[in-house]
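J.:
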Amino acid sequence: MTLSRRHFLASAGLAGGALLAGASVPALARAPLAHAPTLGALRRKVGSIEVTALLDGYIDIGSELVIGLAEADAERLAEASFQKPGPRRAPVNAYLINLGDRLVLVDAGTSDSMGPSLGRLPAAIEAAGVSPDQIDTLLITHMHPDHINGVLTPAGQALFPNAELIVTAADYAFWHDDANMNQAPDEAKPFFIGARRAAAAYADRLRQVDGEREAVGSIRTVPLPGHTPGHAGFIVESDGEALFVWGDVVHMASYQFARPDWSIAFDVDSKLAAETRKRTLDRVAADRMLIAGMHLPFPGIGHVARDGDAYRFVPDEWPYSL
Ligand SMILES: [Zn+2]
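When the letters of the sequence shown are read in order and numbered with mature numbering (1 follows the signal peptide of the UniProt record, and there is no 0), they come out as residues -29 to -1, 1 to 293.
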């Protein structure tokens, strides 16, 4: 339905009314601030399949975690994005893809492993009208805690009793290598422990994938190495439309579209991650691909435009079903 101005005013009860005349209107009720978490679950179509963006919560990324950052540029980019300078707030998203014959969850949030601003994914799944036992497949972009720890309950049990867990072979090998764990700084050791606990809980239904090929149904894997050795995205196609869920190509939207050479300290190989980011931004801008990102402003779905050597995220206009 297209609303005309007259219809809008009439439906809002405003045509010729007091507000338009500028009269003061007394407040009729006072509502206390809710101070309760809102739930993130937004559903849309891609071709004939359904994709539901789900919000686990958010992390704040301080500038000390940004490799290559120049403070003056960071302040300018924050201001250009109408944001305060200082830490960048990054949501943690996941995407539920209903292929019709299969329900696939791409990434799983944090469970209780990363503090009170996160861990809301189970509530978001419930808000989407889905119960964990309906999910057939867990497709993991990489085995970092904000993507894989949520396959477990806080007690460490498998949250999804019927789901196959799919990870990339390169990530599985990296996080299970004792030499890598021993060399890692102390603050990174929990990453290894979390990845191993998650994989162990699904050991009897775990599958490893590699290369650019079909992972499950019509969803195919796209290697995006650097952030982790096996970091990958997934492209789902349906009826001539496509969505590229690109995982962690971008962590800080207000910085890295403009400065794709800036990386995050969690990268296993930040140089390779930056190369992958530039190549991916180039590809999706040239191909006008619809993308979804785990740390883009929720629901994190849109396009990438090219501006000279820089890029710009263009969130999709409201395509969500009510
Ligand atoms: Zn992440």
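Cβ coordinates follow ideal geometry from the N, Cα and C atoms, glycine included.
As the structure is a prediction and not an experimental result, all values here were calculated from the model.
Taking Arg250 as part of the alpha helix (DSSP H), name the residues at either end of that continuous run.
T.: As a working note, residue 250 is residue 279 in the sequence shown. Start and end: Ser241 to Asp258.
J.: Cα-Cα, which of Pro116, Lys16 and Val239 is closest to Ala141?
T.: Counting from 1 along the sequence shown, the entry for residue 141 is found at position 170. Ala141 has its Cα closest to that of Val239, out of Pro116, Lys16 and Val239.
J.: Beta-carbon separation of Val75 and Val193 under 8 Å?
T.: As a working mapping, residue 75 is identified with position 104 in the sequence shown. As a working mapping, residue 193 is identified with position 222 in the sequence shown. Not a contact, by the Cβ cut-off of 8 Å.
J.: How is His198 classed by DSSP in three states: helix, strand or coil?
T.: As a first step, residue 198 is located in the sequence shown; it is residue number 227 there, counting from the start. It is coil, neither helix nor strand.
J.: Buried or exposed, going by whether 16 or more other CB atoms sit within 10 Å of the CB of Ala5?
T.: Residue numbering aside, residue 5 sits at position 34 when the sequence shown is read from its first letter. It counts as exposed.
J.: Using the Cα positions of Pro156 and Phe237, report the straight-line distance between them to the nearest angstrom.
T.: Along the sequence shown, one-based indexing puts residue 156 at 185. Along the sequence shown, one-based indexing puts residue 237 at 266. Going from the Cα of Pro156 to the Cα of Phe237 covers about 11 Å.
J.: Bridge partners for Leu76 per DSSP, in chain order?
T.: The sequence position of residue 76 within the sequence shown is 105, counting from 1. In DSSP, Leu76 forms a bridge with Leu67 and Leu109.
J.: Can you round the beta-carbon distance between Ala281 and Phe228 to whole angstroms, since I take them to be within the 8 Å contact cut?
T.: Taking the sequence shown and counting its residues from 1, the one referred to as residue 281 is at position 310. Taking the sequence shown and counting its residues from 1, the one referred to as residue 228 is at position 257. Right, their Cβ atoms sit about 7 Å apart.
J.: Taking the beta strand (DSSP E) that Ser225 belongs to, which residues open and close that run?
T.: Taking the sequence shown and counting its residues from 1, one reaches residue 225 at position 254. Premise fails: Ser225 lies in the alpha helix (DSSP H), Ala224 to Gln227, not in any beta strand (DSSP E).
J.: Work out the CA separation of Gly33 and Leu243 for me, nearest whole Å.
T.: Along the sequence shown, read from residue 1 onward, the residue named residue 243 stands at position 272. Along the sequence shown, read from residue 1 onward, the residue named residue 33 stands at position 62. Going from the Cα of Leu243 to the Cα of Gly33 covers about 22 Å.
J.: Give the range of the alpha helix (DSSP H) segment to which Phe145 is assigned.
T.: Numbered from its first residue, the sequence shown carries residue 145 at position 174. Residues Ala140 to Trp146.
J.: Here's the rule: buried if 16 or more other CB atoms are within 10 angstroms of the residue's CB, otherwise exposed. What is Leu48?
T.: Translated into the one-based positions of the sequence shown, residue 48 becomes position 77. Answer is buried; the Cβ neighbour count reaches 16.
J.: Could you tell me the distance, in whole angstroms, from the CA atom of Glu21 to the CA atom of Ala12?
T.: Position 50 of the sequence shown, counted from the first residue, corresponds to residue 21. Position 41 of the sequence shown, counted from the first residue, corresponds to residue 12. One C-alpha to the other measures close to 12 Å.
J.: Check whether the Cβ atoms of Tyr29 and Ala61 lie closer than 8 Å to each other.
T.: The sequence position of residue 29 within the sequence shown is 58, counting from 1. The sequence position of residue 61 within the sequence shown is 90, counting from 1. Yes, the Cβ-Cβ distance between Tyr29 and Ala61 is below 8 Å.
J.: Once the 5 residues before and after Ser84 are set aside, which same chain residues still bring their CB inside 7 Å of it?
T.: Position 113 of the sequence shown holds residue 84. Around Ser84: Pro116, Asn120 and Gly165.
J.: Below 8 Å on the Cβ atoms is my contact criterion, and I expect Gly211 with Gly18 to pass it. Report the Cβ-Cβ distance as a whole number of Å.
T.: The residue given as residue 211 occupies position 240 in the sequence shown. The residue given as residue 18 occupies position 47 in the sequence shown. About 6 Å separates the two Cβ atoms, so the contact holds.
J.: Please report the residue range of the beta strand (DSSP E) in which Ala203 lies.
T.: Along the sequence shown, read from residue 1 onward, the residue named residue 203 stands at position 232. Segment Ala203 to Ser209, the beta strand (DSSP E) holding Ala203.
J.: If I measure Cβ to Cβ from Asp181 and keep anything under 7 Å in the same chain, skipping five residues before and after, which residues do I get?
T.: Residue 181 sits at position 210 when you count from the first residue of the sequence shown. Result list for Asp181: Thr139, Ala140 and Ala141, in chain order.
J.: Would you decide whether Pro231 is buried or exposed? Buried here means 16 or more other CB atoms lie within 10 Å of its CB.
T.: Here the question's residue 231 lines up with position 260 in the sequence shown. The residue is buried, with at least 16 neighbouring Cβ atoms inside 10 Å.
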